[in-house]
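**Student:** Take this structure, written in structure tokens, and hold onto it; I'll ask about it next.
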Amino acid sequence: MLDLRTCASLSEAAGILSGDRQALLIGGGTLVMRDVNEGRLTEGTLVRVTDPAFRQMSTGGARVELGAGVTMAMVLANRDLAFLHAAARAIGGPAVRTMATIGGNLFAAAPYGDFTVALLALDAQVVLQSGYGSGRAVALEDFLSARERGGQGLVTAVQFARPQNPAEFHFRKISRVKPKGISLLSIAAHLPLAGGRIAQARVAYGAMAPTPIRARGVERALDGKPLDQAAVQVAKQAALEGCRPATDAIASEWYRREILPVHLGRLLAGEPR
Ligand SMILES: Cc1cc2nc3c(=O)[nH]c(=O)nc-3n(C[C@H](O)[C@H](O)[C@H](O)COP(=O)(O)OP(=O)(O)OC[C@H]3O[C@@H](n4cnc5c(N)ncnc54)[C@H](O)[C@@H]3O)c2cc1C
22 MLDLRTCASL SEAAGILSGD RQALLIGGGT LVMRDVNEGR LTEGTLVRVT DPAFRQMSTG
82 GARVELGAGV TMAMVLANRD LAFLHAAARA IGGPAVRTMA TIGGNLFAAA PYGDFTVALL
142 ALDAQVVLQS GYGSGRAVAL EDFLSARERG GQGLVTAVQF ARPQNPAEFH FRKISRVKPK
202 GISLLSIAAH LPLAGGRIAQ ARVAYGAMAP TPIRARGVER ALDGKPLDQA AVQVAKQAAL
262 EGCRPATDAI ASEWYRREIL PVHLGRLLAG EPR
């Protein structure tokens, strides 16, 4: 039997999740409720949060904080977050975006997790609350490496620095069916320029490993260089470092490896898909 608990506060929800490692939070429920409706999830506790803090957004300043219960539709309705609109628009169709949360996207298995790819290229931190105490921030990359072990507790928010120049932030999702297809892969890149050279490139991929990953080889290839044809060529050569794509119903591992350098090159050169 499934037990549904509705919590008026984040700490009550965090307390339940840390006391019962099998309990699951329902964000927008686009994945959890599919498991319930299709009979894969029949036992345990589901936790729902009504605390307004879960959906709070602080978007006006240099540091952005988004509650984990913020939906893709809420991101799209916020002009301060225009640099994230391409990533939010990449999640399913309008009905899914109305429900799908940022928190849920952090847990979505590949090839899902497109919004998380954008957060990774922003060097985001995840705020975790594992009991009745206050939350602690961990790097999104560390959160993703630990994700398969489970038991992280409640994600209450994500935080990141706003790109100083939104034109230096790029996101692309490559799919066969447009506009709602599932990712063959997705790429996000934050490429700040200082004195005409890239300073601290952050590049991330989705669907190229079991979780979204940073493209460290590409970052190394780009750092300190002007974003010209030569840099794009070197970045393409390093594109596959650290990749472990799956073969699934959408594409084979081989195909994902073949197309990643092509799409990375187009993104870096500012060419259309
Ligand atoms: C038709 C369809 C199309 C889709 N297309 C895409 C797509 O294009 N790209 C994409 O990335 N995804 C896609 N998805 C998957 C999904 O909708 C999104 O990944 C979404 O962001 C998941 O968020 P959610 O709030 O619905 O997650 P939920 O279903 O509520 O939760 C998913 C998992 O995350 C856990 N969880 C959720 N929030 C928290 C939290 N705050 N703290 C701790 N645990 C939490 C849940 O317990 C559960 O295990 C699609 C789904 C459907 C049904």
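Counting in our numbering, the sequence shown tops out at residue 294, every number present.
Where a beta carbon is used, it is the ideal one built from N, C-alpha and C, also for glycine.
Does the Cβ of Leu243 lie closer than 7 angstroms to at least one heavy atom of ligand 1?
**Tutor:** As a first step, residue 243 is located in the sequence shown; it is residue number 222 there, counting from the start. Checking the Cβ of Leu243 against ligand 1 gives no.
**Student:** Going by DSSP, what residue range makes up the beta strand (DSSP E) through Phe181?
**Tutor:** The residue given as residue 181 occupies position 160 in the sequence shown. From DSSP, the beta strand (DSSP E) with Phe181 extends over Leu175 to Ala182.
**Student:** Which same chain residues, not among the five before or five after Asn99, have their C-beta less than 7 angstroms away from its C-beta?
**Tutor:** The count along the sequence shown starts at 1 and reaches residue 99 at position 78. Cβ neighbours of Asn99 beyond the five flanking positions: Met78 and Thr80.
**Student:** Can Val176 and Leu127 be called in contact, C-beta distance under 8 angstroms?
**Tutor:** Counted from its first residue, the sequence shown places residue 176 at position 155. Counted from its first residue, the sequence shown places residue 127 at position 106. Their beta carbons are under 8 angstroms apart, which means Val176 touches Leu127 by this criterion.
**Student:** Tell me, please, which residues DSSP counts as bridged to Lys194.
**Tutor:** Taking the first residue of the sequence shown as position 1, residue 194 is located at position 173. The partner list for Lys194 (beta bridge, DSSP) reads Ser207.
**Student:** Report buried or exposed for Glu240, applying the criterion of at least 16 other Cβ atoms within 10 angstroms of its Cβ.
**Tutor:** Your numbering for residue 240 matches position 219 in the sequence shown. By the 10 Å Cβ count, Glu240 comes out buried.
**Student:** Going by the C-beta, is Phe164 closer than 7 angstroms to any heavy atom of ligand 1?
**Tutor:** Counted from its first residue, the sequence shown places residue 164 at position 143. No, the beta carbon of Phe164 sits no closer than 7 angstroms to any heavy atom of ligand 1.
**Student:** Between the C-alpha atoms of Ala260 and Ala236, what's the straight-line distance to the nearest angstrom?
**Tutor:** For this step, residue 260 is matched to residue 239 along the sequence shown. For this step, residue 236 is matched to residue 215 along the sequence shown. Going by the C-alpha atoms only, they are around 7 angstroms apart.
**Student:** Alpha helix (DSSP H) containing Ala34: first to last residue?
**Tutor:** As a working mapping, residue 34 is identified with position 13 in the sequence shown. Element bounds for Ala34: Leu31 to Gly40.
**Student:** Please return the same chain residues whose Cβ sits closer than 7 angstroms to the Cβ of Leu31, not counting the five positions on each side in sequence.
**Tutor:** The count along the sequence shown starts at 1 and reaches residue 31 at position 10. Answer for Leu31: Val70, Asp72, Ala74, Phe75, Gln150, Leu175 and Thr177, listed in chain order.
**Student:** For Leu105 versus Ala139, is the C-beta distance shorter than 8 angstroms?
**Tutor:** Along the sequence shown, one-based indexing puts residue 105 at 84. Along the sequence shown, one-based indexing puts residue 139 at 118. Their beta carbons are under 8 angstroms apart, which means Leu105 touches Ala139 by this criterion.
**Student:** Closer than 7 angstroms to a non-hydrogen atom of ligand 1 - does that hold for the CB of Gly156?
**Tutor:** Indexing the sequence shown from 1 puts residue 156 at position 135. Result no, Cβ not under 7 angstroms from ligand 1.
**Student:** Please report whether the beta-carbon of Val159 lies at a distance below 8 angstroms from any beta-carbon of chain D.
**Tutor:** Chain labels in this structure do not include chain D; a single protein chain is all it has.
**Student:** Are the CB atoms of Val91 and Thr122 within a distance shorter than 8 angstroms?
**Tutor:** Working through the sequence shown from its first residue, we reach residue 122 at position 101. Working through the sequence shown from its first residue, we reach residue 91 at position 70. In this structure, Val91 lies closer than 8 angstroms to Thr122 by Cβ.
**Student:** Do Gly48 and Gly172 have their C-beta atoms closer together than 8 angstroms?
**Tutor:** Taking the sequence shown and counting its residues from 1, the one referred to as residue 48 is at position 27. Taking the sequence shown and counting its residues from 1, the one referred to as residue 172 is at position 151. No. Outside cutoff.
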